[in-house]
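A.B. asks:
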Amino acid sequence: MDLGSVQLFSVVWFLESLLAPVCFGVTVTHTELKSCGEDEGVCVNDLRDCGAWPPSSLQQNLNMSCYYQVSADRIRSMTCEWSEELSSHSSEVSLIFSSSVYKVSSCQGIFNPLAVLNITARIKNSLTGTEIWSQPQTMSLKVKPFPPVVTVLASTHDSLVVSWRSSSDGRCQLRHRPDSTPAWTQVPDSFSVRSGQNLSFSITGLLPFTEYRCAVACRGGFGLRSDWSSEVRGKTRDKEPSRPTEMCHRVDETTSGEALHLHLIWKAADPQKGEGRVLWYELNVEPGGQTQNITKTTALLVVEEGNYSVAVRGFNTAGSGPTARLQIDTRRRITPPSVRNLWAVSRYPEKRSLQVEWRISAAVNHVVVQLRSDASPSSCRWLRVHGSTTSAGLPDVKTDESYQITVIPVQNQQCGPTQSLNASLQHGALMEPVGLKILSVTKAEVTVQWAWHTKAGPIRVGRYMAALRGDSRSRDWRLFPDENQHTFVNLTPNTEYALLLLADGIPVSFVAVKTDFSQGPGVVAAATPLLLLVVALLILSVLSRTVFKSLCLPPVSSPRGSTAGRWLMNSDRQKFFKNLIDIADFQVTGVLAEKTLFFDDLSVPRPSEEDQDEGLSPAPVSSSGVQPPALSLDSLFAAQITEETAERLLQREDECRRSQEVKEVCVFDGFCGDLKAGILRGGGGAGLICETEYLSNSCFQVEAEDQSDQSESSEEHVETQTRTV
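Residues -25 to -1, 1 to 700 in mature numbering (1 follows the signal peptide of the UniProt record, and there is no 0) are what the sequence shown spells out, letter by letter.
1) To the nearest angstrom, report how far apart residue 268 and residue 376 are at their CA atoms.
2) Quick check on residue 5: does DSSP put it in helix, strand or coil?
3) What residue from 122, 105, 75, 49 has the CA that sits closest to residue 87's CA?
4) Are the beta-carbon atoms of residue 301 and residue 222 separated by less than 8 Å?
5) Per the DSSP calculation, residue -1 is bridged to which residue(s)?
6) Examine the Cβ distances between the segment 458 to 475 and the segment 413 to 424 and report whether three or more of them are shorter than 8 Å.
7) Which one or two residues does DSSP pair with residue 201 in a beta bridge?
8) Should residue 708 go down as buried or exposed, given a rule of 16 or more other Cβ atoms within 10 Å for buried?
9) For residue 691, collect the residues of the same chain with a Cβ closer than 8 Å to its Cβ; drop the 5 residues on either side in sequence, then sort them by chain order.
10) First and last residue of the alpha helix (DSSP H) that includes residue 542?
11) Between residue 76 and the rest of its own chain, which residues show a CB-CB distance below 8 Å, the 5 nearest in sequence each way excluded?
12) Please go through the same chain and pick out, in chain order, the residues whose beta-carbon is closer than 6 Å to the beta-carbon of residue 276, but skip the five residues on each side of it.
13) Okay, do the segment 366 to 382 and the segment 336 to 354 touch, 3+ Cβ pairs below 8 Å being the bar?
14) Counting along the chain, where does the beta strand (DSSP E) carrying residue 287 start and finish?
15) Could you tell me if residue 122 is buried or exposed, where buried requires 16 or more neighbouring beta carbons within 10 angstroms of its beta carbon?
16) Are the CB atoms of residue 8 and residue 83 nearer to each other than 8 Å?
17) Taking the straight line between their C-alpha atoms, what separation do you get for residue 16 and residue 93?
18) Along the chain, where does the beta strand (DSSP E) that runs through residue 323 open and close?
19) Can you tell which of 482, 470, 508, 369 has the C-alpha that lies nearest to the C-alpha of residue 490?
20) Beta strand (DSSP E) containing residue 99: first to last residue?
21) Considering only residues of the same chain and omitting the five flanking positions on each side of residue 455, which have a CB-CB separation below 8 Å?
22) Output the distance between the C-alpha atoms of residue 683 and residue 533, rounded to the nearest integer angstrom.
23) What's the gap between the Cα of residue 391 and the Cα of residue 225?
24) As a quick exercise: from 72, 78, 106, 89, pick the residue whose alpha carbon is nearest that of residue 35.
25) Just reading off the beta strand (DSSP E) that residue 368 is part of, what are its end residues?
26) What three-state label does DSSP hand residue 436 in the structure shown?
27) Spatial neighbours of residue 437 within its chain, please: CB distance less than 7 Å, with the 5 preceding and 5 following residues excluded, ordered by chain position.
28) Using the beta-carbon count (16 or more within 10 Å), is residue 523 buried or exposed?
29) Relative to the alpha-carbon of residue 1, which residue among 28, 264, 57 has its alpha-carbon at the smallest distance?
30) From the DSSP output, in three-state form, read off residue 278 for me.
31) Which residues in the same chain have their Cβ closer than 8 Å to the Cβ of residue 39, if we skip the five residues on either side of it in sequence?
32) What does the alpha-carbon distance come out to for the pair residue 152 and residue 270?
33) What does DSSP give as the partner residue(s) for residue 487 in the beta ladder?
34) Identify the continuous beta strand (DSSP E) that holds residue 19 and give its terminal residues.
35) Between 191, 186, 486, 185, which has its C-alpha nearest residue 176's C-alpha?
36) For residue 702, does the three-state DSSP call read helix, strand or coil?
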């Protein structure tokens, strides 16, 4: 057979293997056949089919095919197959055989390779009671080979040697799969074989220390393929680890502060990638010469500050693998940020994979995702992704197992804090939020709290949300296992809200809440900007008025700037009168006239001292024919005032003080002014001659301030001037 025929044979075999599951068939052995009494040429496996054939118009074409087999114990059988659309697992199927070529003498002898039979199928639905009859199909019986017997002869770390024996001439096909995988891998080559011949084949490219299942099917001379043989199991041998492991470390301070904790994490060998399995790891730390055998992929050491060299290598039954080394300086620490919001979503049944999501606050070199099965904690899958990636897919996850997913950020071979989450293919993340409640409420904020528990029900949820509904704005917050509270802000005061816990958009729990009314510190906080604005406007107004007055209006002197002005504006001042010259002092009672005062006439020249010495006297001035004696100014001031004259003057002062309309005015302003000025200057006294009427109706007064200091000053000044005069 040439290469083209072999390839065509393989293609046909592959197509038949794909179409085989969509067919429905029934097998009848020769011992089950019975003859209908009236119809001697008809054989059935159910006597109810005898004589019950429907008209040909009700019969359907099933596109049926049949083949003949003889087992090792000489049991002959007939198997017919057709489309599964016309039948179901709850249907009753029976076959009716007849022959138009020869007469049937015995129903148990009609099954032979030379027989030509007419075959009719009856299909009855047990649920509905309806029946389907097929049109009779004439066909020659084709012999279908029996499945061969397969055994495993030998194995290596990556191959299995399989042997089988065929019951007929033809070609055989081989397929295999790992015990943990449902998908088969078919060997592309087909093998020519003769009846009774033993054939061996080596399956290569297998994984080390893995159990496989193998099966063989052969096609005979009539073109019919046998069923797949019983699955035989074989296990490949162990292989030493083929590559050094990846490592990272983290240094933490202890509670005492005297020593340091050195965390070591390394990648486990992946047998699925041909790296070989690892039974234990040998850990060596220098200086110190510490050597440990560890079955896990993590280690915790207590060290001091300094430089260390760490070596790790894996062992199994085949030997040890290459050594991975790491140089560590505990004084140079770089702590990458931990990932946040870790979550896992199942893609089952579309894919047998888990989608892992997370967030990270700063960029790192890469992120490591570990997948560890709860059924076999020693085995761990290690997935390395770029540091800017925030999700990763984990394929080939078993449906009946749960896993622990761990995410580790790595920066320059230094690990960040790890975050873990349990998940499974059927249920996704095995965590759920419970106990959603209100923690605190203000007029514009609501703080909610929840707790995380292991998922109890079989419900698979891809996303949990906390939603706040109540006003025109919708507020949603996604929940993650590393958070247990959240604050909704910018809410409307005095408004009712509904807090919902959503699982994939479906409400799970409900809590009612109402925000507080705007009062207390909130009102003060809201009014403070307005008050500051008002104060600023007032200050600006005052400044503007001041600037306007200073620039646009002339300056006006203020009366408060002087002592006299302040005295005049004082409404509580006390007024009193002080006589500079009391006229009563100048009155002299004589013989000729009572209360008559004589002054020197200022207009008449006074005699000099010489003339006085010579006995000359001034010219007499007559008054009413009486010549009064001449008196000097000194004698006038020295004269004593009588009691009657003093009482009269005091009465006049009181009358002048009470009267607000009467103002005392000197008759001779010029004269009185000159006299007052002379007295104040301290000059010599001028000669005065006044009549009695003038003296009795005139006075010299000055109005003084009520302030004590000024009054005392004025009195001292007047007293001084009086003495001088």
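Here a beta-carbon is modelled for each residue, glycine too, at the ideal position from N, C-alpha and C.
C.D. replies: Quick look at the numbers:
1) 28 Å
2) helix
3) 49
4) yes
5) 56
6) yes
7) The partner list for residue 201 (beta bridge, DSSP) is empty, contrary to what the question assumes.
8) Shown here, the chain extends from -25 to 700; a query on residue 708 therefore has no answer.
9) Confidence at residue 691 is low in this model, with a pLDDT of 46, below 50, so its placement is unreliable and no value can be given for it.
10) 538 to 544
11) 91
12) 237
13) yes
14) 282 to 291
15) buried
16) yes
17) 11 Å
18) Neither: residue 323 is in no beta strand (DSSP E) and is coded neither H nor E.
19) 470
20) 91 to 100
21) 315, 316, 317, 318
22) The predicted model places residue 683 with a pLDDT of 45, which falls under 50 and marks its position as unreliable, so this point remains unresolved.
23) 7 Å
24) 106
25) 366 to 369
26) coil
27) 320, 403, 479
28) exposed
29) 57
30) strand
31) 55, 56, 57, 94, 96, 109, 112
32) 29 Å
33) 473
34) 17 to 19
35) 191
36) Summary: the structure shown does not reach residue 702, with the chain confined to residues -25 through 700, and so no result is reported for it.
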